[in-house]
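Trainee: In this note's numbering, the protein residues as written are 3 to 207.
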Amino acid sequence: MDVSNFHPRFTVSPDIALERLIEGNERFLQKQTRMPILQTRLLDEQSGGQQPYATILGCSDSRVPPELIFDAWLGELFVIRVAGNVVGPAIFGTLQYATRYLHTPLYVILGHEGCGAVDAALNYRLEGKHQAEQIQVLLEEIVPSFESLDYEVERDALLACAVEANVKQTVHRLTVSEEGQTQLALGAKLVGAVYDIRTGKVRFL
Ligand SMILES: [Zn+2]
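(1) Ala122 and Thr57 - do their beta-carbons sit closer together than 8 Å?
(2) Heavy atom of ligand 1 less than 7 Å from the Cβ of Gly86, yes or no?
(3) For Gln41, count neighbouring C-beta atoms within 10 Å of its own C-beta (all shown protein chains included) and say buried if the count is 16 or more, exposed if not.
(4) To the nearest angstrom, how far is it from the Cα of His174 to the Cα of Val14?
(5) Less than 8 Å separating the beta-carbons of Ile111 and Thr177?
(6) Any heavy atom of ligand 1 closer than 7 Å to the CB of Cys163?
(7) Hey, is Ala122 close to ligand 1, as in C-beta under 7 Å from one of its heavy atoms?
(8) Does the contact criterion of 3 or more C-beta pairs under 8 Å hold for the segment 52-68 versus the segment 80-96?
(9) Considering Cα atoms alone, identify which of Ile144, Tyr126, Lys131, Leu108 is closest to Leu192.
(10) For Val196, count neighbouring C-beta atoms within 10 Å of its own C-beta (all shown protein chains included) and say buried if the count is 16 or more, exposed if not.
(11) Answer with buried or exposed for Ile144, where buried requires no fewer than 16 other C-beta atoms within 10 angstroms of its C-beta.
(12) Going by the beta-carbon positions, is the gap between Leu124 and Leu76 smaller than 8 Å?
(13) Skipping 5 residues on each side, what residues in its chain have a beta carbon closer than 6 Å to that of Tyr126?
(14) Look at Val204 and Ala164 and say whether their C-beta atoms are less than 8 Å apart.
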């Protein structure tokens with residue numbers, strides 16, 4: 003395995019990264035995880051299908067894995083992750099799958115403090131700073147949520163408000179959608195939340 007010849011931008015070689023995943027899964031199988039341990043009984047129970055109790059739309063940020071921060075096990079959460087926790091066609095499709103086939107009673111839009119996608123959207127809104135084409139698509143989804151922001155506050159506070167506004171925008175989009183209306187009429191719950199990376203606390207809005 004060649005571990006020396008990789009782009010200096012990468013902190014580790016692709017091979018080492020893959021090895022970490024393989025080793026991590028091995029620890030999981032050997033019940034030597036740093037996190038939750040393998041529970042064979044639960045794996046058996048799940049082999050017939052999934053019945054997650056919540057659907058989470060969160061950010062791809064590596065520090066915000068829903069299963070860990072909610073201490074949930076396999077099969078408990080139906081998770082969709084996309085930078086900036088925005089909704090696009092594929093996300094709507096995945097959510098509709100959750101409503102039609104999994105019937106999860108709860109839907110959580112999970113943003114997080116210090117979100118890089120929201121920060122980039124703010125830079126775009128304030129300074130017209132563009133990102134690469136496909137990243138820009140994400141930013142265009144986020145920016146409309148900034149309409150009611152108070153731009154007089156300092157930058158960190160502004161980002162915190164923007165994160166919350168972005169979550170609320172997604173909650174609103176889903177609430178007014180046909181599928182959302184149907185699910186809410188059935189008694190399903192849709193909530194926004196913001197995770198604080200420093201404290202580990204999830205604040206439900
Ligand atoms: Zn993020």
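Where is the CB? At the ideal position from N, CA and C, for every residue including glycine.
Mentor: Judging by the given coordinates:
(1) no
(2) yes
(3) exposed
(4) 40 Å
(5) no
(6) no
(7) no
(8) yes
(9) Leu108
(10) buried
(11) buried
(12) no
(13) Leu141
(14) no
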